[in-house]
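Protein chains in written order, with the working numbering: chain X, 62 to 483; chain A, 62 to 483.
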């Protein structure tokens, strides 16, 4: 009988071996019962980096997630360190503290096996699938905005003690290879003919024009510099509609294995990009109520930013206990810090729009496209929609500081959605 | 006989114990000879945090620097971790690689004793003393500018491999208490009545007006956020005219125990502040050739920035081997990256001017004033000169983006030097 423990060498789980190997984990027995014969295991991982199993018994259910030592998308030719499970574990515990109930509860963590046993969200499904099939989620924008604001604020030196924050920066600085994926695939590869790139063939002229834009490349690289060096807060690092699970009325965030310290605008920017990609891809998925559903997606984008700003202002006035913009310097002197808060929010906003534009580009031009566009089989239809998406991204990167409000952002998306670029 | 080793508990050296305690260090015997009777020890530390000894024999000389477990300036009531010697050691080795010959060579390091034995620069003296007594140093600005550019560029992801840079960020993130001194004393305390503050009494109205400026406090706090979170490169962290030793023709940089990762504009900004404080304080030190000497100081400021920019551009075109602004994206595509380099330099410039202004404030308003002003005994004279210095700092912080060139900066200093504020 194999007992899982920190002394055993790493070995990938399979549905057959899982019950035996996890039979002695107390946290699992509590959730599923002692009789492993009754544990039903289903492999559900559709990600690229991990094994994911749902384990159910008459008593309960859990998710077992185990990191793989390579990127599945490109076979085992791209090795990837197992220690990312360690960072996912640490990220999940911090997210749970900073926005309780927003992420799966952890039942068990085994560092050597790169394995986390956690809460199974049911009947939640991956948000991206809902957006492709045209389903709405009540309160989605507000949940996302509030979550991003809490993570941004409470993980920064606006809130944390500097010594704790610096120790955490040191911890997460060990997560080198995972951020390197983002650094290459997101910020650099889309803008030249990198080996692993691909795009819809009809986009050739659009792509050529984009890659000839030297100002664009300069700005994107300045955002890469921020992403790599500006350790303002702990990021999810890969917050897209595939990292959110929702029912009709409830949403949860999963998969923070790309966690790192980075700029406050990153997560909300990446997430906004994924909403906007859902928006621009809709004509490839439906004719009925197209306008109504697209309008709903844009309302999510707006709600998300409005909720972010509202929650951030609230935390600014109630939880500003870190060394930045201290009350000793403002309120205690009879000086309002509201203006300072608006400046900080303004910087987050322009950063977010630029990260958003970059994510919109890379999902059409680099490795790892997303299903919003990829599932549109007619490539001429797909290319036409992707072209709008690329133009929106370009506009956000170049002109982020010319948009003032979430309404401006939604208005720009509506305008570009009506353009015939290809 | 006490033998110094990593197993011994920390014990502060004194001139009497030093030869015996270091008698078995091979590197010292090589420099000074085996006969410790011939080792002449002189305590020279005038710093606040360390013991510093010159040890000389007929054969040679060395500096022995040992960290103290508290800040001397305020007695032993402010404990300070000994591990800063560890960071000084690591900083010195990196500085020696990145700008060979600019810093003392290390002969021996003992982590437990928080002790570094290193090259003794002679006949060099502390630059601040030269600036107070009115001596010039040939090539000073060029040396400083080139040094800052090499440190900024070669310690960043413009040059370094990201994995190496991230490992280094993690290493230096352990240096919490030392940056905390800067965070408090430099960025926050000057702008309210902090307990350890002091200023020349005649400055009261100027100080009151400064502390009532909410926009100023907001901008300074945004610079603190950059200082604390923007890990662009390894900083010296405390580069002022007391951290430079010069002869008439040669300069060297010492004392990087405040090393941390931070923004590229920080070191050159702090150093510029110290040149400008030397400039504004001159009327308190001499009447003869006042204008000539002040003109020379401003030429150092200009030379420093010109050399920084020239060296940075040179490294940009010859050593850009990191992930930021990669040649694959620019030169390899037939696209110039010169414009990108100018944008990066532009950001360094405005950051530097703001850090400069903040340093000019804190040296008159917070703890740890400097001798340029402090040694002017007539407080009404001192206050008049400090008032100009404070106004210059204010102008730099508020209007950094309105100055374009080192000549503009020098021009502003000349203008404010003629104002009667008090």
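Here a beta-carbon is modelled for each residue, glycine too, at the ideal position from N, C-alpha and C.
Distance check between residue 417 of chain X and each of X:443, X:460, X:170, X:305 places X:460 closest, using alpha-carbon atoms only. The Cβ-Cβ distance between residue 445 of chain A and residue 483 of chain A falls below 7 Å. In its chain, beyond the 5 residues on either side, 324, 326 have a beta carbon closer than 6 Å to the beta carbon of residue 412 of chain X.
Residue burial is scored here from C-beta neighbours: residue 452 of chain X has at least 16 other C-beta atoms within 10 angstroms and is therefore classed as buried. As computed with DSSP, residue 103 of chain X is found in a beta bridge with X:115. Contacts with chain X at 7 Å (Cβ-Cβ) include residue 218 of chain A. Residue 244 of chain X is a Cβ neighbour of residue 384 of chain A, given a cutoff of 7 Å.
Per DSSP, reduced to three states, the secondary structure at residue 170 of chain X is strand. Contact annotation: in the segment 231-257 of chain X, residues whose CB is within less than 7 Å of a CB in chain A are 231, 234, 235, 237, 241, 244, 249, 252, 253. Taking each of A:101, A:205, A:372, A:318 in turn and checking the Cα distance to residue 126 of chain A, the smallest one comes out for A:318. Within the segment 386-409 of chain X, contact with chain A at the beta-carbon level (separation under 9 Å) is assigned to 386, 387, 389, 390, 391, 393, 394, 396, 397, 398, 400, 401, 404, 405, 408. Nearest CB-CB separation between residue 282 of chain X and chain A: below the 7 Å threshold. Here residue 75 of chain A is exposed: its Cβ has fewer than 16 other Cβ atoms, across all protein chains shown, within 10 Å. In the structure shown, residue 348 of chain A adopts coil according to DSSP, grouped into three states. A direct Cα-Cα distance of roughly 37 Å separates residue 98 of chain X from residue 301 of chain X. Shortest Cα-Cα distance from residue 342 of chain A to any of A:287, A:267, A:354 involves A:354.
Inter-residue distance for residue 375 of chain A and residue 201 of chain A is about 20 Å (C-alpha atoms, whole angstroms). Listed in chain order, the alpha helix (DSSP H) elements of length 4 or more contained wholly in the segment 268-338 of chain X are 275-290. Within the model, the alpha-carbon separation for residue 140 of chain X versus residue 427 of chain A is close to 52 Å. It is roughly 12 Å from the alpha-carbon of residue 109 of chain A to the alpha-carbon of residue 303 of chain A. In the three-state scheme derived from DSSP, where H, G and I count as helix and E and B as strand, residue 78 of chain X is classed as coil. Where residue 177 of chain A is concerned, the enclosing beta strand (DSSP E) starts and stops at 176-180. The segment 247-265 of chain X makes contact with the segment 281-295 of chain X; the number of CB pairs closer than 8 Å reaches 3 or more. When beta bridges are read from the DSSP output, residue 124 of chain X appears opposite X:115, X:179. Spanning the alpha carbons of residue 148 of chain A and residue 224 of chain X requires a straight line of approximately 16 Å. Here the alpha carbons of residue 152 of chain A and residue 93 of chain A stand approximately 25 Å from one another. Annotated as distal: residue 236 of chain A and residue 174 of chain A, with beta-carbon spacing of 7 Å or more. Chain X places no beta carbon closer than 7 Å to that of residue 111 of chain A, leaving this residue out of the contacts. What residue 384 of chain X touches in chain A, judged by beta-carbon distance under 7 Å, is 244, going in chain order. Under the Cβ distance rule, residue 275 of chain X counts among the residues neighbouring chain A, one pair being separated by less than 7 Å. Per the coordinates, the alpha-carbon of residue 240 of chain X lies some 32 Å from the alpha-carbon of residue 122 of chain X.
Distance from residue 203 of chain A to residue 364 of chain A at the Cβ level is roughly 5 Å; contact confirmed, criterion being Cβ atoms closer than 8 Å. Non-local beta-carbon contacts of residue 143 of chain A in its own chain, meaning distances under 7 Å to residues more than five positions away in sequence, involve 71, 128, 130, 175 in chain order.
Judged by DSSP in its simplified three-state form, residue 358 of chain X adopts helix. Contact annotation: in the segment 407-428 of chain A, no residue has its CB less than 7 Å from a CB in chain X.
Burial of residue 370 of chain A is indicated by the presence of at least 16 other C-beta atoms within 10 angstroms of its C-beta.
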